[in-house]
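Under UniProt numbering, the residue at position 125 of the sequence shown is numbered 125, and the numbers go up by one with no gaps. C-beta: ideal position from N, C-alpha, C; glycine also. Fair warning: this is a prediction, and the values are worked out from it, not measured in the lab.
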Amino acid sequence: MPNPGTLSALIAVPVKLVLLEMEYHAQYRTARLTTSEILGIALFNILWFEFLDKCRKLAFPSTLFFVGERLVNHTIANIRVIDRDTCGYRCYLDHNCVSVNFYFGENEAEAHNYELNNSTSKEFDKGLVKAANFVYYGTKNFCAQSPCENYGTCQSGFIRKRYRCLCASGFNGHDCEKDINECTNNTHNCSRNNANCTKIVGSYNCSCNPGFTGDGHICQGKILHSLSHY
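Following this line, the structure appears as C-alpha cells:
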C-alpha cells in the first residue's frame, strides 16, 4: 500500500499527467486511450517508483574480498550464522550495512560469527587489519561521499539513486537539503490564535502574543482587574 505522501501524489500528479497523455494521443495517435486507462498508467508509474525507492541492490565484488582480514571499529551488529551463504543476505536486510566480517573459526561445522559494518575498507583502509580465520566482504558504498545533508542518515544500495537519505526532523528532499518551514506550511503546534511562530534552522519557535502568557504552545489571556469607585 502506498504511504500518505504517495496518496497525495496520486491525487495531484496524475491530473497533469492525464491532460498531457490526452493531448498527446489526440494529436499523434488515431487510437486514443480512455481516461480510465490513462489513470491506470499513472497509478502504475507512481507505485513503480515507490517500489524502486524501497528496493535494495547490493553487490560484493571480488576486488573487495579479503581472506585473513577484518574491518574494525565499524561493526553495527554481531550475528551467529551456520554458513557464509546467509552473510550477504543478512547485510542486505540491514539497510545500514555495507560490508561484513565473517569468522569461520577452526571447525567448519559449528556456528560462525558474522559482523555487519556500516562502512567499507575504501573509506577506512587503516581499519582493515590482519585477522586469522576472518574473511572480509565489501560492497560499493554509494554513501561514501556523505551525500545526505543536515544530519541525514545515508543508506546505500537503493536502486533509483543508488542511495537514499533518512532526514532528520525538520528537513526533507532526496538529500535532506530542504529546510521545512513549519510556520508558512502551518504544520507547527503553536497556539493557533494566541501565539507567533518564528522559523529557525530545522525547527521553529513559538511565543505568545502580547497580552497572553504561556510557553507558546498554550497561551492564556491575562485577567484584568478593575476597581470601581462610588
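Problem - Pick from V201, C190, I200, N113 that is closest to G214, judged by C-alpha positions - result: Locating residue 214 in the sequence shown gives position 214, counting from the first residue. Comparing Cα-Cα distances from G214 to each of V201, C190, I200, N113, the minimum goes to C190.
Practice task
Report the three-state DSSP secondary structure of A31 (helix, strand or coil).
Solution key: Stepping through the sequence shown from its first residue, residue 31 is reached at position 31. Only weak support is given to the placement of A31: the predicted model assigns it a pLDDT of 48, under 50, and the value that follows is read from those uncertain coordinates. Three-state DSSP puts A31 in coil, outside helix and strand.
Practice task
Would you be able to state if there are at least three C-beta pairs under 8 Å between the segment 172 to 192 and the segment 75 to 90?
Solution key: no
Practice task
Could you check if D175 is buried or exposed, using at least 16 other CB atoms within 10 Å of its CB as the buried criterion?
Solution key: Position 175 of the sequence shown, counting from 1, holds the residue named residue 175. Classification of D175: buried, given that the 10 Å Cβ count is 16 or more.
Practice task
Mind checking which residues open and close the beta strand (DSSP E) that includes N118?
Solution key: Numbered from its first residue, the sequence shown carries residue 118 at position 118. Careful: N118 lies outside any beta strand (DSSP E) and carries neither H nor E.
Handout entry: N133 versus F104 - alpha carbon distance
Key = Mapped onto the sequence shown, residue 133 falls at position 133. Mapped onto the sequence shown, residue 104 falls at position 104. Whole-angstrom Cα-Cα distance: 6 Å.
Handout entry: Contact test: L58 Cβ vs the ligand MN heavy atom, cutoff 7 Å
Key = No copy of the ligand MN appears in this structure; indeed no ligand is present at all.
Handout entry: Classification of L71 by the beta-carbon crowding that lies within 10 angstroms, buried from 16 upward
Key = The count along the sequence shown starts at 1 and reaches residue 71 at position 71. Label assigned to L71: buried.
Problem - Identified DSSP bridge partners for S207 - result: On the sequence shown, residue 207 is found 207 positions in, with the first residue counted as 1. Answer is N196, bridged to S207.
Practice task
Quick one: grab the DSSP three-state call for E182.
Solution key: Taking the first residue of the sequence shown as 1, we reach residue 182 at position 182. Correct three-state label for E182: helix.
Problem - Sub-8 Å separation of L128 and E177 beta-carbons - result: Mapped onto the sequence shown, residue 128 falls at position 128. Mapped onto the sequence shown, residue 177 falls at position 177. In this structure, E177 does not lie closer than 8 Å to L128 by Cβ.
Problem - Extent of the continuous beta strand (DSSP E) to which C219 belongs - result: Here residue 219 corresponds to residue number 219 of the sequence shown, with the count starting at 1. For C219, the enclosing beta strand (DSSP E) starts and ends at 219 to 221.
Handout entry: C-alpha gap between T120 and C165, whole angstroms
Key = Position 120 of the sequence shown, counted from the start, is the residue given in the question as residue 120. Position 165 of the sequence shown, counted from the start, is the residue given in the question as residue 165. Near 18 Å, if we compare the C-alpha coordinates of C165 and T120.
Exercise for the section: Give the DSSP bridge partners of A77, in chain order. Expected result: Within the sequence shown, residue 77 is the residue found at index 77, counting from 1. DSSP lists L116 as partners of A77.
Handout entry: S169, DSSP secondary structure in three states
Key = As a working mapping, residue 169 is identified with position 169 in the sequence shown. If DSSP states are grouped into helix, strand and coil, S169 belongs with coil.
Handout entry: Closest Cα partner of E149 within the set G88, D179, F158, K122
Key = To locate residue 149, count along the sequence shown from 1; it is residue 149. Checking every option, the nearest Cα to that of E149 belongs to D179.
Problem - Pairwise C-alpha distance: S203 and G216 - result: Translated into the one-based positions of the sequence shown, residue 216 becomes position 216. Translated into the one-based positions of the sequence shown, residue 203 becomes position 203. Whole-angstrom Cα-Cα distance: 14 Å.
Exercise for the section: Starting from the C-beta of K161, find all residues in its chain whose C-beta is less than 7 Å away, skip the five residues before and the five after it, and write them out in chain order. Expected result: Your numbering for residue 161 matches position 161 in the sequence shown. So the list reads H174, once near-sequence residues are dropped.
Handout entry: Check whether N117 and V135 have beta carbons under 8 Å apart
Key = Here the question's residue 117 lines up with position 117 in the sequence shown. Here the question's residue 135 lines up with position 135 in the sequence shown. No.
Handout entry: Continuous beta strand (DSSP E) stretch holding R70: start and end
Key = By one-based count along the sequence shown, residue 70 stands at place 70. Looking at the DSSP string, the run of the beta strand (DSSP E) that includes R70 is 65 to 71.
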